[in-house]
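Q: Structure incoming, see below.
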């Protein structure tokens, strides 16, 4: 990240730089450097960066969340934000959560080829890549997530549930005991 330094109460302040307007489309390499450089900024510099990128006052967030939010915004400005359909879905889910206190997610989740699923099991992280006709795990192709979940655990699991794609149905007396087995999911940027 090419930082411009200017005096601020006797300290150096860093920003993305005067030539790096928020509307520019930097390359992925430049974006990666800029996001990585956020960790070296002071709390005041992070708040200044928030004001520049979001054009408003920063909320009271932990340093970690502030960095994550700034990194998201930088990526959003470079690659585009959420699609309109995703925004509509989030609005719908928010409305449902407000009215009912719970949300129901469609069981038939469609995963785009290239999507990466990550799951930690007994201290080991497992990475699965979605293919056109199945899934890749440990360099081999499999027709289903259930088969991969069985290989990882040695027991029968619903593959979509094991990877956090499908939640266990909630009952009114069991709602607090719900677990999903979800450890993480990372969607590759595909439009």
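Residue numbers (this note's numbering): 5 to 195. The beta carbon of each residue, even a glycine, is placed where N, CA and C say it ideally should be. Please read these numbers as outputs of a predicted model, since none were measured by experiment.
#1: Quick check on this structure: which residue in 151, 147 and 122 has the alpha carbon closest to the alpha carbon of residue 168?
#2: Keeping to the same chain, check which residues put their C-beta closer than 6 Å to that of residue 70; ignore five residues upstream and five downstream.
#3: If we count Cβ pairs, one from each stretch, closer than 8 Å, do we get three or more for the stretch 93-100 versus the stretch 123-130?
#4: Is it buried or exposed, residue 86, if we count other Cβ atoms within 10 angstroms and call 16 or more buried?
#5: Around the C-beta of residue 155, are 16 or more other C-beta atoms found within 10 angstroms, so that it is buried, or is it exposed?
#6: Considering only residues of the stretch 40-128, which uninterrupted beta strand (DSSP E) runs meet the minimum length of 3 residues and lie entirely inside it, listed in chain order?
#7: Return yes when the Cβ of residue 82 is within less than 8 Å of the Cβ of residue 149, no when it is not.
#8: Using beta-carbon positions only, say whether residue 75 and residue 107 come within less than 8 Å of one another.
#9: Have a look at the DSSP bridge pairing and note the partners of residue 166.
#10: The beta strand (DSSP E) with residue 138 in it runs from where to where?
#11: Considering only C-alpha positions, which residue in the set 161, 79 and 143 is nearest to residue 151?
#12: Where residue 65 and residue 158 are concerned, what is the direct C-alpha to C-alpha distance, given to the nearest angstrom?
#13: List the DSSP bridge partners of residue 130.
#14: Could you pull the start and end residues of the alpha helix (DSSP H) that residue 153 belongs to?
#15: By Cβ distance below 6 Å, which residues in the same chain neighbour residue 138 in space, the five residues on each side in sequence not counted?
#16: Does the Cβ of residue 117 have 16 or more other Cβ atoms within 10 Å, making it buried, or fewer, making it exposed?
#17: Let me confirm a value: residue 170 is counted as buried when at least 16 other C-beta atoms fall within 10 Å, else exposed. Which label applies?
#18: Hey, would you say residue 63 sits closer than 8 Å to residue 55, going by beta carbons?
#19: Since residue 77 and residue 58 should fall inside the 8 Å C-beta cutoff, what is the C-beta to C-beta distance between them, to a whole number of angstroms?
#20: Do you know how far the Cα of residue 32 is from the Cα of residue 42?
A: Reading off the structure:
#1: 122
#2: 50
#3: no
#4: exposed
#5: exposed
#6: 120-125
#7: no
#8: no
#9: Bridge partners of residue 166: none, in fact.
#10: 138-141
#11: 161
#12: 41 Å
#13: 123
#14: 149-157
#15: 145, 146 and 147
#16: exposed
#17: buried
#18: no
#19: 6 Å
#20: 16 Å
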